Amino acid sequence: MQLIYDGSFPGLLSTIFTAYEYKLNDALIVRTNQLQSLTLSESMEVYTETAKAERVWKGLKKKIAAQGLELIYRSYLSELPSVENSILEVVRYALQSDQNILEDYGHSHVLTLHQIARKVGREKHRFEAFVRFENIGNNWFYADIAPDFNILPLIAPHFKERYAAQNWMIYDSKRKYGIQYDSVSEQINELTFRFEHAPAGNLSPIVQTDPDEKLYQELWKRYFKSTNIALRKNTKLHLQHVPKRYWRYLTEKKES
Amino acid sequence: MQTPSSERILEKLSILADAAKYDVSCSSSGSKRKNHNKGLGNSTGGGICHTYTEDGRCVSLLKILLTNHCIYDCAYCVSRKSNDIKRAAFTVEEVVELTLNFYKRNYIEGLFLSSGIFKNADTTMERLIAIARKLRTEHRFNGYIHLKSIPGASNALMQEAGLYADRLSVNLELPSETSLQLLAPGKTYEQIKKPMLLVSQTIQAQANEKRLLQRAAKPLFAPAGQSTQMVIGATPETDKDIMYQANALYQNYRMKRVYYSGYIPINPTDTRLPGVGTPAPLIREHRLYQSDWLMRFYGFQVTELLSDSFPQLDSDIDPKLSWALRNLHQFPVDINTADYEAILRIPGIGVQSAQKIISARRFGQLDVYQLKKLGVAFNRARYFLVCRGMGPASLGDLQDRQIKHFILAGYRSKFSNAVSSQLSLF
Ligand code: SF4
Numbered sequence: 043m044q045l046i047y048d049g050s051f052p053g054l055l056s057t058i059f060t061a062y063e064y065k066l067n068d069a070l071i072v073r074t075n076q077l078q079s080l081t082l083s084e085s086m087e088v089y090t091e092t093a094k095a096e097r098v099w100k101g102l103k104k105k106i107a108a109q110g111l112e113l114i115y116r117s118y119l120s121e122l123p124s125v126e127n128s129i130l131e132v133v134r135y136a137l138q139s140d141q142n143i144l145e146d147y148g149h150s151h152v153l154t155l156h157q158i159a160r161k162v163g164r165e166k167h168r169f170e171a172f173v174r175f176e177n178i179g180n181n182w183f184y185a186d187i188a189p190d191f192n193i194l195p196l197i198a199p200h201f202k203e204r205y206a207a208q209n210w211m212i213y214d215s216k217r218k219y220g221i222q223y224d225s226v227s228e229q230i231n232e233l234t235f236r237f238e239h240a241p242a243g244n245l246s247p248i249v250q251t252d253p254d255e256k257l258y259q260e261l262w263k264r265y266f267k268s269t270n271i272a273l274r275k276n277t278k279l280h281l282q283h284v285p286k287r288y289w290r291y292l293t294e295k296k297e298s
Numbered sequence: 028m029q030t031p032s033s034e035r036i037l038e039k040l041s042i043l044a045d046a047a048k049y050d051v052s053c054s055s056s057g058s059k060r061k062n063h064n065k066g067l068g069n070s071t072g073g074g075i076c077h078t079y080t081e082d083g084r085c086v087s088l089l090k091i092l093l094t095n096h097c098i099y100d101c102a103y104c105v106s107r108k109s110n111d112i113k114r115a116a117f118t119v120e121e122v123v124e125l126t127l128n129f130y131k132r133n134y135i136e137g138l139f140l141s142s143g144i145f146k147n148a149d150t151t152m153e154r155l156i157a158i159a160r161k162l163r164t165e166h167r168f169n170g171y172i173h174l175k176s177i178p179g180a181s182n183a184l185m186q187e188a189g190l191y192a193d194r195l196s197v198n199l200e201l202p203s204e205t206s207l208q209l210l211a212p213g214k215t216y217e218q219i220k221k222p223m224l225l226v227s228q229t230i231q232a233q234a235n236e237k238r239l240l241q242r243a244a245k246p247l248f249a250p251a252g253q254s255t256q257m258v259i260g261a262t263p264e265t266d267k268d269i270m271y272q273a274n275a276l277y278q279n280y281r282m283k284r285v286y287y288s289g290y291i292p293i294n295p296t297d298t299r300l301p302g303v304g305t306p307a308p309l310i311r312e313h314r315l316y317q318s319d320w321l322m323r324f325y326g327f328q329v330t331e332l333l334s335d336s337f338p339q340l341d342s343d344i345d346p347k348l349s350w351a352l353r354n355l356h357q358f359p360v361d362i363n364t365a366d367y368e369a370i371l372r373i374p375g376i377g378v379q380s381a382q383k384i385i386s387a388r389r390f391g392q393l394d395v396y397q398l399k400k401l402g403v404a405f406n407r408a409r410y411f412l413v414c415r416g417m418g419p420a421s422l423g424d425l426q427d428r429q430i431k432h433f434i435l436a437g438y439r440s441k442f443s444n445a446v447s448s449q450l451s452l453f
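Here the protein sequences line up with chains A and B, keeping their order.
What the first sequence shows, in the working numbering, is residues 43 to 298, in sequence order.
What the second sequence shows, in the working numbering, is residues 28 to 453, in sequence order.
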């Protein structure tokens with residue numbers, strides 16, 4: 043039985059609830075935008091219900107604690123095809139065991155989730171480092187990213203703590219939504235906006251930057267160049283740390 | 028377009044970042060500073076690399092000299108008095124503005140400020156402190172600050188520096204006092220170790236006080252501790268000399284990190300130093316760092332890694348494998364019963380895999396397939412372990428040299444590429 047959900051996290055939890063409710067031992071969970079084509083097997087669309095989602099969440103909390111919930115949430119944010127099924131398997135395993143099954147690295151689905159969550163964690167860490175803000179005036183700072191995984195919810199707290207006194211916005215141009223923090227209200231808001239004509243990584247056509255912005259970008263580029271030791275050049279290592287796909291967002295690596 | 032003043036600041040930054048780059052430390056870890064006053068920034072403890080140089084080094088801090096004017100003439104240093112180079116100096120305000128503006132754009136974790144010694148030690152140290160103080164008090168800056176201690180500065184200044192800085196460091200410069208005297212006229216180990224001792228004692232006193240009062244009584248002094256650096260390859264010390272020196276620094280001064288900086292020939296005239304064009308000893312530097320890790324995270328004693336009969340690290344294999352091959356009688360280790368310390372000593376198993384093995388084996392005996400999935404580098408580890416379904420790899424018949432041969436053949440492609448791409452540069 044193929045269970046189709048809307049792609050939201052409560053949606054996934056509702057789906058897990060449904061799999062239990064109808065004792066669907068062969069359930070296969072697919073998010074609606076990853077639906078390849080209509081398959082021959084039976085399928086069913088699951089509606090997101092907060093009450094059901096919360097019941098699953100609370101039940102899991104008793105079994106696998108906060109650490110396990112975080113593991114599941116991060117895996118979910120990977121958006122990888124069929125990650126939902128590993129999540130379902132781990133949930134099943136957790137609910138029928140009395141041990142802390144998260145440490146059973148010999149279990150293939152447990153290990154899979156650890157591996158995926160680690161990748162997501164690595165990307166979270168990378169973007170806490172690679173976000174480059176531009177001062178667009180009035181104490182507003184803007185950055186544009188296109189991460190492989192949906193890491194905005196994971197990096198938001200870091201930026202909120204760090205830049206509590208400035209206003210900032212980070213836009214995920216791949217998923218077409220962003221987060222915005224206002225230093226007066228101290229709230230983070232999610233926003234969906236579309237920059238139809240802005241090429242990624244280049245804001246100039248739509249956003250007026252602060253007069254000093256160009257100078258600081260120039261200074262940063264100069265710094266990046268001056269701190270390099272040419273005699274130690276090691277391109278392989280450099281690329282390993284700063285893969286090319288991130289360059290278009292990095293002030294110091296951008297062309298021009 | 029660019030104004031004359033922006034031209035000038037760009038030029039200063041080029042000169043003073045270039046002069047600071049030979050100090051390899053760029054760590055921003057070890058300090059947890061919350062953004063408690065709704066100011067700018069915080070330190071998370073783990074440290075963040077915001078970018079990497081083209082030589083693959085982490086860029087975490089704005090690492091600059093306040094000035095490259097210097098009254099000393101250390102032969103291994105670009106800023107030495109007798110060197111004919113462009114000199115520049117930042118104002119306090121300029122460093123503060125650069126730090127704040129880089130930080131707000133998420134370019135950096137903070138500032139690493141060092142300086143050539145102008146006039147005298149105290150004047151130089153005072154100027155460094157003025158910058159840190161301004162950042163912390165006027166601008167409520169909670170990012171990371173690493174200040175260089177200027178040898179010879181007064182105790183009172185050192186104490187004040189520690190109140191604003193997360194980390195303090197003073198470089199040992201060279202791995203032996205003889206070499207230091209030869210190449211750095213006017214510098215002594217005594218002068219360098221005095222601020223090290225003061226910092227470690229102040230940190231220790233603070234820790235005792237905290238334990239007694241159950242809380243931090245005063246503003247924290249250098250919460251990220253201290254570090255130091257030695258230039259290697261410029262002078263004749265062996266790896267054993269270097270690592271024993273490092274070990275003593277860890278023991279006696281509670282160093283958080285000792286850095287090893289492969290000497291880049293920058294002095295074309297001085298015949299006491301390797302000439303310009305000599306390759307930087309990058310592989311050697313790498314092996315020293317690996318030994319350092321083995322001491323800090325793998326429970327190795329320095330005496331196990333290096334000794335009078337084994338004074339230089341192998342360059343073709345890492346020091347852990349090298350140790351294992353010299354100690355085959357301690358293997359094979361049984362993955363399913365051995366304790367953590369023994370598992371950690373198996374070549375091809377790192378801290379993470381070792382921890383996972385300890386957790387996972389409670390659920391059942393582990394086999395080869397699972398070990399591979401847990402991240403064990405099996406081609407290397409296989410000669411040193413037993414697990415479910417796999418007995419000892421007939422170690423009795425194989426000699427250390429044969430094992431080394433097998434292992435090297437296994438990862439030749441990966442490894443020799445790295446080596447040859449480095450070598451091809453020279
Ligand atoms: S005192 Fe420091 S800056 Fe001056 S020459 Fe010696 S190493 Fe260089």
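The beta-carbon is built from N, C-alpha and C at its ideal position, and this holds for glycine as well.
Predicted model, so just to flag it, every value in this text is computed and none were measured.
Asked, Found
"Local conformation of residue 289 of chain B per DSSP, three classes", "strand"
"Simplified DSSP state of residue 73 of chain A, which is helix, strand or coil", "strand"
"Coil, strand or helix - residue 240 of chain A by DSSP", "Here residue 240 of chain A scores only 48 on pLDDT, less than 50, and its place in the model should not be relied on; the value that follows carries that caveat. Residue 240 of chain A falls in the coil class under three-state DSSP."
"Neighbourhood of residue 258 of chain B by C-beta distance below 7 Å, restricted to the same chain and skipping five residues each side", "103, 200, 201, 288, 290"
"Residue 132 of chain B to residue 175 of chain A span [Cα, whole Å]", "4 Å"
"Nonlocal neighbours in the same chain, by C-beta distance under 8 Å from residue 244 of chain A, ignoring five residues either side", "With a pLDDT of 47 at residue 244 of chain A, under the threshold of 50, the modelled position of that residue is not reliable, and no figure is offered here."
"Interface flag, residue 77 of chain B vs chain A, CB-CB below 7 Å", "yes"
"Proximity test, residue 130 of chain B beta-carbon vs the ligand SF4 heavy atom, cut-off 6 Å", "no"
"Pair within 7 Å by beta-carbon distance, residue 74 of chain A and residue 46 of chain A", "yes"
"beta-carbon residue 454 of chain B near the ligand SF4 non-hydrogen atom, thresh 6 Å", "No answer is possible for residue 454 of chain B: the residues shown for chain B start at 28 and end at 453."
"Residue interval of the beta strand (DSSP E) (run including residue 211 of chain A)", "209-214"
"Residues of the region 137-159 of chain A whose Cβ lies closer than 7 Å to any Cβ of chain B, in chain order", "145, 146, 147, 148, 153"
"CA-to-CA distance, residue 428 of chain B to residue 135 of chain B, given in whole angstroms", "47 Å"
"Limits of the unbroken alpha helix (DSSP H) element including residue 262 of chain A", "255-268"
"Selection from B/303, B/214, B/296, B/189 that minimises the alpha carbon distance to residue 250 of chain B", "B/189"
"Nearest candidate by alpha-carbon position, reference residue 195 of chain B, set B/183, B/174, B/184", "B/174"
"Proximal chain A residues relative to residue 456 of chain B, where beta-carbon distance stays under 7 Å", "With chain B covering only 28 through 453, there is no way to say anything about residue 456 of chain B."
"Test: residue 290 of chain B CB closer than 7 Å to a CB of chain A", "no"
"CB contact below 7 Å: residue 169 of chain A versus chain B", "no"
"Contact check, residue 120 of chain A vs residue 158 of chain A, beta carbons under 7 Å", "yes"
"Closer than 6 Å: residue 288 of chain B CB and nearest the ligand SF4 heavy atom", "no"
"Per-residue contacts from residue 208 of chain A into chain B (C-beta, under 7 Å)", "131"
"Limits of the alpha helix (DSSP H) - the one that residue 152 of chain B falls within", "148-160"
"Under 7 Å between C-beta atoms of residue 56 of chain A and residue 94 of chain A", "yes"
"Pick from A/137, A/64, A/72, A/294 that is closest to residue 100 of chain A, judged by C-alpha positions", "A/137"
"Positions along the region 248-264 of chain A whose CB lies within less than 9 Å of some CB in chain B", "254, 255, 256, 257, 258, 259, 260, 261, 262, 264"
"Distance cut-off 6 Å: residue 106 of chain B Cβ against heavy atoms of the ligand SF4", "yes"
"Inside the region 87-157 of chain A only - alpha helix (DSSP H) runs reaching at least 4 residues", "92-119, 125-137"
"Beta-bridge pairing of residue 334 of chain B - partner residues as DSSP gives them", "B/337"
"Under 7 Å between C-beta atoms of residue 152 of chain B and residue 180 of chain B", "yes"
"CA-to-CA distance, residue 274 of chain A to residue 35 of chain B, given in whole angstroms", "28 Å"
"Local conformation of residue 237 of chain B per DSSP, three classes", "helix"
"Closer than 7 Å to chain B by CB, residue 60 of chain A", "no"
"Pick from B/350, B/300, B/53 that is closest to residue 317 of chain B, judged by C-alpha positions", "B/350"
"Residue-chain proximity (residue 379 of chain B, chain A), Cβ-Cβ < 7 Å", "no"
"Min CB distance residue 32 of chain B to chain A below 7 Å", "no"
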